[in-house]
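Residue numbers (the working numbering): 1392 to 1485.
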């Protein structure tokens, strides 16, 4: 997709990692919050972190800094009217 994601969603396999990550990003000043994982995303503990587009770079840096990459499944959220589509997030290489 050429369009920018509306938001990002980070799914977790472990509830403790989800809560820990939410705390980290909120302490960094981000407004990200835990939500229920959409049914279309199968690998999950049932919690996902909803991240604003403008905060994803900060959140991604924190995830890398705290070595949580292997613990998460990040997605781009695209909205068309009431319909949402989730695509795997592919960070840009430096």
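Note that the Cβ used here is the ideal one computed from N, Cα and C, for glycine as well.
This structure is a prediction, so every number in the text was calculated from the model and none was measured.
Residue pairing by DSSP puts residue 1427 in a beta bridge opposite 1438. Taking a contact to require three or more Cβ pairs closer than 8 Å, the stretch 1452-1462 and the stretch 1471-1481 do not qualify as touching. Boundaries of the beta strand (DSSP E) around residue 1401: 1398-1403. The alpha-carbon of residue 1480 is positioned some 13 Å away from that of residue 1440. Sorting 1428, 1429, 1437 and 1448 by C-alpha distance to the C-alpha of residue 1421 places 1448 at the top. Residue 1409 and residue 1425 do touch by the CB rule: their CB atoms are close to 6 Å apart, below 8 Å. Per the coordinates, the alpha-carbon of residue 1413 lies some 11 Å from the alpha-carbon of residue 1406.
In chain order, 1444, 1467, 1468 and 1469 place their CB closer than 7 Å to the CB of residue 1396, counting only its own chain and leaving out the 5 sequence neighbours on each side. Around the beta-carbon of residue 1423, 16 or more other beta-carbon atoms lie within 10 Å, marking it buried.
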